[in-house]
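Single-structure report; data block below.
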Amino acid sequence: MSDAKKVWPTTNKAEAYWRDIAAGFMHAPDESYLNTGSWGVLHRSVFDSLVKGLEELEGNPTRNRGRQIARLNQARRDLGAFLNAAPADLALTTNVTIAINQVIHGLDWQPGDEILTSDQEYGAIDNCLHHAERRYGVVVQRAPISIPPAEPEQIVDSFRRALTTRTRLLLVSHVTSPSGLITPIKELAELAHAHGAMIVVDGAHAPGQIPLDLTYYGCDFYGGNCHKWLCAPKGTGFLHAQPPVQDKLHPIAVSHGYDKDGPKRNDAGALCINGQPFMWQLTSIGTREMSCFGAVAEAVALQNEIGKEQIAARGRQLAGYLRQRMAETGWVEPLSSPHPDLANSISTFRLKGFGAANLGQLLYDKYRITTPVWGEAEPGYTQRVSTHIYNNFGEIDRMIAALDEIRTGRD
Ligand SMILES: Cc1ncc(COP(=O)(O)O)c(C=O)c1O
């Protein structure tokens, strides 16, 4: 046990608790999976729920479809409660890419309208914005964010400076992909609204990593993934839209969820299509497999059982240990913010003094450690490490030892 490990505030009892939790997940026990930032690992209970749904359907794909839909509706209710959002305002989507495309291509645009985003957005989402520029003549402005920023206010200030009279929409990641930076979306929503603009949040990494309260944030649109930190089946995500802005969304693909006379208001004033909440119609575009959505309920149940605050705290604890140990090596430049509000379970580093090794591949081939590494030897490779509830201190020690071996040529 290293000295750093000894002084780290954990107990044998706590580690035994997390070991038990980890044992229920399906990753190979002899590997270190430190890449929940790309995809989470399924818990056996979620996998079983998925398989049960698939089996249930195949007994009679026609008659049993109703049971699939009932499971999906249950999952939407559970997810809504988990996110503090009304289920009626949630569309289940295949992923956050679809959710954001639904907003960007679902809104009406005038040439010259501006979308204000940051320079830290995920590549596929940035492509979506680029396409909108080409197709609708909108102008995309990118507020620069220094990595790491010192304070959340720096991010808000950068967006404020880039606003113009033509800004109609802000788009920002809640947790950014390259460095795991947490952005102050409540303050950015207030900024957008004070300016008469809307805001859409790319919440790819947030659900299941940090506790979320979509009502409190007040963002117009919030897209999220369930297949990263929530550890739900791959191909599960959602789009949440506040009731006042739902009627601004055109469907990006038209299917049964369409009324030739247009959406209507029910007695309570809620927007509906064919008697169902407007947002639900964005989920079913033709036929698709639905068991994966049903299994989201099981993933949410597991999070509720452990507790979202406790999950976030565990990820942060492991990340804190990782950052401390990496700093002690002397060959690492931290890219994650030390500010407690600006980072949680994703840690990113610039690795100094490594040769031309294909580091990510080497870490896996020789040490069975999975973390993404990109960039060049100069100015240094960038490594992103995700610490989730199935990870532990020992894996971090092993990863640093492996990097040290590679760096000194002992591998
Ligand atoms: C910030 C961010 N946005 C969007 C995505 C896209 O996620 P998906 O491919 O599940 O739609 C990712 C994936 O890593 C991401 O990190």
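Numbering-wise (my numbering), the sequence shown opens with residue 309 and increments by one. The beta-carbon is built from N, C-alpha and C at its ideal position, and this holds for glycine as well.
Query	Result
Out of T319, L538, R375, which has the shortest C-alpha to C-alpha gap to F333?	L538
Throw me the rounded Cβ distance for the L671 and S655 pair, which I believe falls under 8 Å.	Incorrect: roughly 15 Å between the Cβ atoms, too far for contact.
In terms of residues, what are the limits of the beta strand (DSSP E) holding S655?	654-659
Mark D712 as exposed unless 16 or more other C-beta atoms lie within 10 angstroms of its C-beta, in which case mark it buried.	exposed
Can you list, in chain order, the residues of its chain whose CB lies under 6 Å from that of L362, leaving out five sequence neighbours each side?	S599
The alpha helix (DSSP H) that contains G602, what's its start and end?	599-602
G602 and A383 - do their beta-carbons sit closer together than 9 Å?	yes
Do T695 and V681 have their C-beta atoms closer together than 9 Å?	no
Could you tell me the distance, in whole angstroms, from the CA atom of S357 to the CA atom of E606?	7 Å
On the premise that L547 lies in contact with G565, defined as a C-beta separation below 8 Å, what is that separation, rounded to the nearest angstrom?	Not confirmed; about 13 Å, so no contact.
With DSSP as the reference, please indicate the residues paired to R692 in a beta bridge.	T656
Could you tell me which of A665, T678, V693, T425 sits nearest to R770, measuring between CA atoms?	What the structure shows of the chain is the stretch from 309 to 719, and residue 770 is not part of that stretch, so it cannot be assessed.
Would you decide whether E703 is buried or exposed? Buried here means 16 or more other CB atoms lie within 10 Å of its CB.	buried
For the beta strand (DSSP E) containing M281, list its first residue and its last residue.	With the chain represented from 309 up to 719, any question about residue 281 goes unanswered, as that position is not in the structure.
Compare the Cα-Cα distances from N699 to each of N652, A627, I408 and report the closest residue.	A627
Does any residue of chain D have a CB that is nearer than 9 Å to the CB of Q632?	The structure shown contains no chain D; it is built from a single protein chain.
Please confirm whether any heavy atom of ligand 1 lies closer than 8 Å to the CB of H438.	no
Can you list, in chain order, the residues of its chain whose CB lies under 7 Å from that of L387, leaving out five sequence neighbours each side?	L398, F546, V604, V608
Once DSSP output is grouped into helix, strand and coil, what is the label at P395?	helix
Does at least one heavy atom of ligand 1 sit under 8 Å from the Cβ of Y341?	no
Roughly how many angstroms separate the alpha carbons of Q462 and D569, rounded to a whole number?	47 Å
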